[in-house]
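Its first residue numbered 575, the sequence shown is counted upward by one per residue in my numbering.
Worksheet: the structure to be examined is printed underneath.
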Amino acid sequence: MKLQSEDVELRAHLGRLGLPHVAEYVRWCEAQGLRTTTRKSAREREREVRLFQEARWQGALDMARQLKRRPEAVLESALAGAFSCAQTSRADLWLISRSAHQLARASRPAALELLKIAQRRKFLLAERVVGRYDGGPGNTLIGGLFLLARLHPYWTRPLESWKPGSHNPERQFASLARHLLAEWDVPMCLDGAFFYPDPNRREAGRALGWWRHVARGQSLFTAHDLPLALTRKMAHLVHTEAPASLMPEEALRWGQARGLGMSERQTRALLATPLGLRFDDESFWEGFVRLVADNPLLDPAQVGPLQDYLHWERRTPRGPGERDRLPVDFTLKGRTVGALLERMESWHARTVRESRHSVVSWDATERAGLLVTEGAWQWQLRELTSAKELSVEGRAMRHCVGTYASTCARGDISIWSLQVLGPLTTGWLRAMTIAVSRHGQITEARGWCNALPSADGKGSYARLAPDERSVLLRARRIVQRWAVQENLVLPAYLSGS
């Protein structure tokens, strides 16, 4: 039996019951002694919802008692895949059951012991760990524990001798990982290696290799499969000073930038660009990092737009009439920031003019917007799908988003406008412009005058009025909420609280 797309009421009813398919709904009705037909009155469906909720509440109580009396048996059942989302209100048990098939049989005893300790320590097992990544099974403490279980042949100390020094679950996990696997201390910025949404992807395995390399007392300088060249100084800076909130790839870029002498503000702006997580064409972009580092007076607000321009020059084919562009396969050697900024401004102006005549509009992506009310604040997030809308957004926000028309039309980027109505506004006010890549990564999130939503009191943020700063920081939380809804990857400056 298949769910018909037009039966909206039945689909909504299944959602209230937490049942993904009609077949499961029919089986549940049979078990409850109810009619198995899908055509029911509103009264019957309300009764089913009450029955389902009562069963879930009772099941939660029973499960809590069982976890207290026989935690090992419940966790063993979860590892055997015994629970579905309809059979338990415990998200952690359902997630364990959903992910257990990825564990080899030899790793299950270790996983069981780890889960027992986590249950005693009241780990928030199903909560997302890395805010900028989606909530895949790997990006939870369960995913991290399962990865530790897979590595049980390499444990250097017995699990029973571990003693946590914190009540924070994530810090407890960090302590546990180091107790089991590390002979030497590992910088916290590498701990993201345990929490990639898909632990089987190459990026996850590569980052875990760096973590284990450092845990054996080696330097990142000698690690294998690094996406960029690190000097001993850069590697030392990652070991000793890199912020704990960074993902491993971001930590490498941070160490490269700081090792070349880039200022802290410029480094944060660099990590806000796609270069924070991407390393293709690295020989060229290393030159860009050096160029920024060699110009400490370059406004950090210009780092992102300049990277956009150089990416366009690097990737966009040259037309017959574009004689003023940089040569094919150009390098940055011998070029000055001033000359490049002049070219960038000219490109912005030309692109805006051309977009008004060539690209008029484009189809929206499949991502949904957002409409949120938080107390006296109302927020709406919508996609911009025409050159005119981009131009209006750019003029209102005083930045260069109007140059993105052709990129949006190709489907490489989608641009979103976050607007707010609240106590500090006199009508709907544009608060932030967000750029999302086709791969689901937020590449830019900027307020007025390219201000980053960061309460550090520096850069463009410092030039905003107090009311504008307050709105921008509130907007950051709305974007975090949207990223969870749409499974988007957040840059570091958006993932904080």
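Virtual Cβ for every residue (Gly too), placed ideally from N, Cα, C.
Proximity below 8 Å, CB of residue i to CB of residue j
{"i": "alanine 767", "j": "tryptophan 784", "result": "yes"}
{"i": "asparagine 1061", "j": "glycine 985", "result": "no"}
{"i": "threonine 939", "j": "serine 988", "result": "yes"}
{"i": "serine 935", "j": "threonine 959", "result": "yes"}
{"i": "proline 761", "j": "glycine 712", "result": "no"}
{"i": "leucine 944", "j": "glutamine 1059", "result": "yes"}
{"i": "tryptophan 1081", "j": "glycine 1021", "result": "Because residue 1081 is not part of the residues shown, which for the chain are 575 to 1071, the question remains open."}
{"i": "arginine 1050", "j": "leucine 1068", "result": "yes"}
{"i": "threonine 1017", "j": "alanine 1009", "result": "yes"}
{"i": "cysteine 763", "j": "proline 801", "result": "no"}
{"i": "leucine 653", "j": "leucine 686", "result": "yes"}
{"i": "glutamine 876", "j": "leucine 915", "result": "yes"}
{"i": "arginine 839", "j": "proline 817", "result": "no"}
{"i": "glycine 835", "j": "alanine 867", "result": "yes"}
{"i": "serine 749", "j": "proline 738", "result": "yes"}
{"i": "valine 863", "j": "alanine 913", "result": "no"}
{"i": "histidine 787", "j": "alanine 797", "result": "yes"}
{"i": "leucine 719", "j": "valine 703", "result": "no"}
DSSP state of residue i mapped onto helix, strand, coil
{"i": "valine 877", "result": "helix"}
{"i": "threonine 730", "result": "coil"}
{"i": "glutamine 792", "result": "coil"}
{"i": "methionine 836", "result": "coil"}
{"i": "glutamate 940", "result": "coil"}
{"i": "arginine 752", "result": "helix"}
{"i": "valine 975", "result": "helix"}
{"i": "alanine 1039", "result": "coil"}
{"i": "valine 1010", "result": "strand"}
{"i": "serine 988", "result": "strand"}
{"i": "proline 771", "result": "coil"}
{"i": "proline 822", "result": "helix"}
{"i": "aspartate 799", "result": "coil"}
{"i": "arginine 892", "result": "coil"}
{"i": "glutamine 661", "result": "Only weak support is given to the placement of glutamine 661: the predicted model assigns it a pLDDT of 49, under 50, and the question is left unresolved by the model."}
{"i": "tyrosine 607", "result": "The amino acid occupying residue 607 in the given sequence is glycine; tyrosine does not appear at that position. The answer is coil: DSSP assigns glycine 607 none of H, G, I, E or B."}
{"i": "valine 1053", "result": "helix"}
{"i": "lysine 907", "result": "coil"}
{"i": "glutamate 757", "result": "coil"}
{"i": "phenylalanine 626", "result": "helix"}
{"i": "asparagine 742", "result": "coil"}
{"i": "histidine 787", "result": "helix"}
{"i": "threonine 981", "result": "helix"}
{"i": "histidine 922", "result": "helix"}
{"i": "histidine 885", "result": "helix"}
{"i": "phenylalanine 853", "result": "coil"}
{"i": "valine 902", "result": "coil"}
{"i": "histidine 587", "result": "helix"}
{"i": "threonine 612", "result": "coil"}
Residues bridged to residue i (per DSSP)
{"i": "valine 946", "result": "Trp953"}
{"i": "valine 994", "result": "Trp953 and Leu1003"}
{"i": "serine 935", "result": "Ser960"}
Between the CA atoms of residue j and residue i - distance to the nearest angstrom
{"i": "alanine 751", "j": "leucine 849", "result": "29 Å"}
{"i": "leucine 1046", "j": "arginine 621", "result": "45 Å"}
{"i": "arginine 775", "j": "glutamate 618", "result": "46 Å"}
{"i": "glycine 861", "j": "cysteine 1023", "result": "27 Å"}
{"i": "arginine 548", "j": "arginine 888", "result": "The chain is shown only over 575 to 1071; residue 548 falls outside these bounds and no answer can be derived."}
{"i": "serine 663", "j": "isoleucine 1052", "result": "Confidence at serine 663 is low in this model, with a pLDDT of 48, below 50, so its placement is unreliable and no value can be given for it."}
{"i": "alanine 970", "j": "asparagine 742", "result": "43 Å"}
{"i": "alanine 789", "j": "alanine 983", "result": "46 Å"}
{"i": "glycine 829", "j": "tryptophan 859", "result": "15 Å"}
{"i": "leucine 845", "j": "histidine 675", "result": "36 Å"}
{"i": "glycine 917", "j": "aspartate 759", "result": "For the record, residue 917 in the displayed sequence is arginine; it is not glycine. Going by the C-alpha atoms only, they are around 47 Å apart."}
{"i": "glutamine 606", "j": "arginine 624", "result": "12 Å"}
{"i": "isoleucine 670", "j": "leucine 584", "result": "29 Å"}
{"i": "glutamine 661", "j": "threonine 999", "result": "Note that glutamine 661 scores 49 on pLDDT, short of 50, meaning its location in the model is unreliable; the coordinates nonetheless yield the value given after this. Near 47 Å, if we compare the C-alpha coordinates of threonine 999 and glutamine 661."}
{"i": "arginine 780", "j": "aspartate 799", "result": "7 Å"}
{"i": "valine 600", "j": "serine 673", "result": "26 Å"}
{"i": "glutamate 967", "j": "glycine 976", "result": "7 Å"}
{"i": "leucine 865", "j": "threonine 905", "result": "11 Å"}
{"i": "alanine 680", "j": "leucine 721", "result": "13 Å"}
{"i": "serine 793", "j": "glycine 833", "result": "15 Å"}
Residue interval of the alpha helix (DSSP H) (run including residue i)
{"i": "methionine 971", "result": "961-971"}
{"i": "arginine 1020", "result": "Where arginine 1020 is concerned, there is no enclosing alpha helix (DSSP H), although the beta strand (DSSP E) it sits in stretches over 1016-1020."}
{"i": "valine 1072", "result": "The chain is shown from 575 up to 1071; residue 1072 falls before or after that span and cannot be answered."}
{"i": "glycine 861", "result": "856-867"}
{"i": "arginine 679", "result": "Run containing arginine 679: none; DSSP gives neither H nor E here."}
{"i": "lysine 807", "result": "806-815"}
Heavy atom of the ligand MG within 7 Å of residue i beta-carbon
{"i": "alanine 1066", "result": "Absence of the ligand MG is noted for the structure shown, with no ligands found whatsoever."}
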